[in-house]
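Some notes on the structure that comes next.
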Amino acid sequence: MTATIIDGKQIAKDIRQELKGEIEALKQKGMTPGLAVILVGEDQASQTYVRNKDKACVEVGIHSEIYRYPADLTEAELLEKVQELNEDENIHGILVQLPLPSHISEDKVIDAISPEKDVDGFHPVNVGKMSIGKEAFYSCTPYGIIKMLEKENISLEGKHVVVVGRSNIVGKPAALLSLQESATVTVCHSRTKDLSSFTKQADVVIAAVGKAKFLKAEDFKPGAIVIDVGMNRDENGKLCGDVDFESAKEVAGAITPVPGGVGPMTITMLLFNTVQSVKQKSAMVASK
Ligand code: NDP
Numbered sequence: 052m053t054a055t056i057i058d059g060k061q062i063a064k065d066i067r068q069e070l071k072g073e074i075e076a077l078k079q080k081g082m083t084p085g086l087a088v089i090l091v092g093e094d095q096a097s098q099t100y101v102r103n104k105d106k107a108c109v110e111v112g113i114h115s116e117i118y119r120y121p122a123d124l125t126e127a128e129l130l131e132k133v134q135e136l137n138e139d140e141n142i143h144g145i146l147v148q149l150p151l152p153s154h155i156s157e158d159k160v161i162d163a164i165s166p167e168k169d170v171d172g173f174h175p176v177n178v179g180k181m182s183i184g185k186e187a188f189y190s191c192t193p194y195g196i197i198k199m200l201e202k203e204n205i206s207l208e209g210k211h212v213v214v215v216g217r218s219n220i221v222g223k224p225a226a227l228l229s230l231q232e233s234a235t236v237t238v239c240h241s242r243t244k245d246l247s248s249f250t251k252q253a254d255v256v257i258a259a260v261g262k263a264k265f266l267k268a269e270d271f272k273p274g275a276i277v278i279d280v281g282m283n284r285d286e287n288g289k290l291c292g293d294v295d296f297e298s299a300k301e302v303a304g305a306i307t308p309v310p311g312g313v314g315p316m317t318i319t320m321l322l323f324n325t326v327q328s329v330k331q332k333s334a335m336v337a338s339k
């Protein structure tokens, strides 16, 4: 059996097309969505992410502002900039690219972003709301997974979802959102004993480990849906996921490739959240 390949790139493209229409309609009402991205330091991967986010904004018609600072920016200066953007009427989403230099507290900076503009979904208010099933900005990668499954008509209701990884930005929110979709959820991590015995029971595996080709065909139940969040380099320096795609696709029922799976959905959900932010603001103004 060869798995259905879930084309995240195409799904992301379709959602961006829908967003483009919504943004056009918002602009006609005098509201242009605005996203501000703050980048501190010279980290190469971060530079690439920020460039890609800017490009994606421009493509759909979101006004994008990038603030680049040297690595020696002080925490106080960064907090001041966040505050200024919190008060900026033209900005609906604020994103501080992580990681930050070690002298700056990421927690302090995330806490300083207004929850109404926290389109990354990292602020404790948004995380808390998500965990009790309230409307909020959800973390983009796990939210992208849920949207992708929705677009593929794959329901999580009653399914056993095994999430491998428990980070605050991927594993934990992926587990919470799956639970919200009425899945039965198991979360595995580095201290899990006999990991394979869990993944083999799963109807859906979400792999967010950060280790190249870590899960292989023998770790999955035949027909399982395999969602690969990992972005790693293999022994030849080639981009690959946490799943050994070549072997897993012979066992899985459906699988996301790397690249072209979860990755394109992440930025798409950032755009989605930014548009939501504008809509929420306009609804608030209308109800006053
Ligand atoms: P983290 O390093 O923060 O978390 C990795 C998780 O994997 C941890 O919870 C860790 O467990 C667990 N883990 C590590 N080793 C094992 C093991 N041997 N067995 C079981 N679990 C293990 O990574 P992130 O969650 O931030 O990212 C995960 C991957 O997803 C990375 O490859 C990253 O690049 C990618 N990523 C991709 C995105 C996209 O848009 N496609 C977006 C964000 C991330 P413990 O907690 O016990 O240490």
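Residues 52 to 339 in our numbering are what the sequence shown lists, from first letter to last. Idealized CB from N, CA, C, for every residue including glycine. Computed from a prediction, not measured in an experiment: that's the story for all the values here.
- Query: Is T317 near the ligand NDP, going by C-beta to nearest heavy atom under 6 Å?
  - Reply: At least one heavy atom of the ligand NDP sits closer than 6 Å to the Cβ of T317.
(request) May I ask whether a heavy atom of the ligand NDP can be found less than 6 Å away from the beta carbon of A96? (result) Distances between the C-beta of A96 and the heavy atoms of the ligand NDP are all 6 Å or more.
Q) Would a C-beta distance cut-off of 7 Å place D270 and S247 closer than the cut-off? A) Taking 7 Å as the cut-off, the beta carbon of D270 is found closer than this to the beta carbon of S247.
So, is M335 buried or exposed, given that buried needs 16 or more other C-beta atoms within 10 angstroms?
-> It counts as exposed.
### Query
So G59 is in the alpha helix (DSSP H); what residue range does that whole segment cover?
Segment G59 to Q79, the alpha helix (DSSP H) holding G59.
Excluding the 5 residues flanking N177 on each side, which residues of the same chain have their C-beta closer than 7 Å to its C-beta?
Excluding its 5 nearest sequence neighbours in each direction, N177 has C-beta neighbours in its own chain below 7 Å: P166, D169, A187 and F188, listed in chain order.
(message) Classify N324: buried if its beta carbon has 16 or more other beta carbons within 10 angstroms, exposed otherwise.
(response) Result: buried.
Rounded to the nearest angstrom, what separates G81 and A234 at their Cα positions? Straight-line spacing of the CA atoms in G81 and A234 works out to 41 Å.
Problem set entry | beta strand (DSSP E) runs wholly inside the stretch 166-244, at least 3 long, in chain order | Counting only runs of 3 or more, we get 211-215 and 235-239.
Coarse secondary structure for N283, derived from DSSP in three states
Here DSSP, grouped into helix, strand and coil, assigns N283 to strand.
Next item on the list: Determine the closest residue to D123 out of Q252, I155 and K104, with distance taken between C-alpha atoms.
Entry: The option with the nearest alpha carbon to D123 is I155.
Practice problem: Tell me whether T250 sits in a helix, a strand or coil according to DSSP, three-state version. | Solution: If DSSP states are grouped into helix, strand and coil, T250 belongs with the helices.
Presumed contact (8 Å Cβ cut-off) between Q148 and V101, rounded CB distance = About 6 Å separates the beta carbon of Q148 from that of V101, a gap short enough to meet the 8 Å contact definition.
| task | Take A263 and list the residues in its own chain whose beta-carbon comes closer than 6 Å to its own, dropping the five residues that flank it on each side. | result | N283, D285 and C291, listed in sequence order.
Sheet register partners of S115 (DSSP bridge): According to DSSP, which records beta bridges pairwise, S115 is partnered with L86.
- Any heavy atom of the ligand NDP within less than 5 Å of residue CB: hits in chain order: Qualifying residues, in the order they occur: T192, G216, R217, S218, V221, H240, S241, A259, V260, G261, V280, G281, M282, V313, G314 and T317.
*Whole-angstrom C-beta distance between V111 and K71, which should lie under 8 Å*: Here K71 really is in contact with V111; their C-beta atoms are around 5 Å apart, less than 8 Å.
H240 classed as buried or exposed, judged by whether at least 16 other C-beta atoms fall within 10 angstroms:
Classification for H240: exposed.
| Pick from K64, P152, Q327 and A87: whose alpha carbon is nearest that of K132? | With distances taken between Cα atoms, K132 lies closest to A87.
Exercise for review: Could you tell me which of I117, A275 and P84 sits nearest to Q98, measuring between CA atoms?
Suggested key: Comparing Cα-Cα distances from Q98 to each of I117, A275 and P84, the minimum goes to I117.
Exercise. Name the residue from K104, N103, Y194 and K159 whose alpha carbon lies nearest to the alpha carbon of L129.
Key: Selected option, being the one with the closest Cα: K159.
Please confirm whether R284 has its beta-carbon closer than 7 Å to some beta-carbon of chain C.
Absence of chain C from the displayed structure is noted, only one protein chain being present.
| message | So, at 6 Å on beta carbons, what are the nonlocal neighbours of G274 in its own chain, with the 5 sequence-adjacent residues on each side left out? | response | These residues qualify, in order along the chain: G304.
* Asked: Can T307 and V313 be called in contact, C-beta distance under 7 Å?
  -> A contact, by the Cβ cut-off of 7 Å.
Give the DSSP-derived three-state secondary structure of A54 in the structure shown. In the structure shown, the three-state DSSP call for A54 is coil.
Exercise. Buried or exposed: I197, going by 16 or more other Cβ atoms within 10 Å of its Cβ?
Worked result: Counting C-beta atoms within 10 angstroms of its own C-beta, I197 has 16 or more neighbours from the protein chains shown and is therefore classed as buried.
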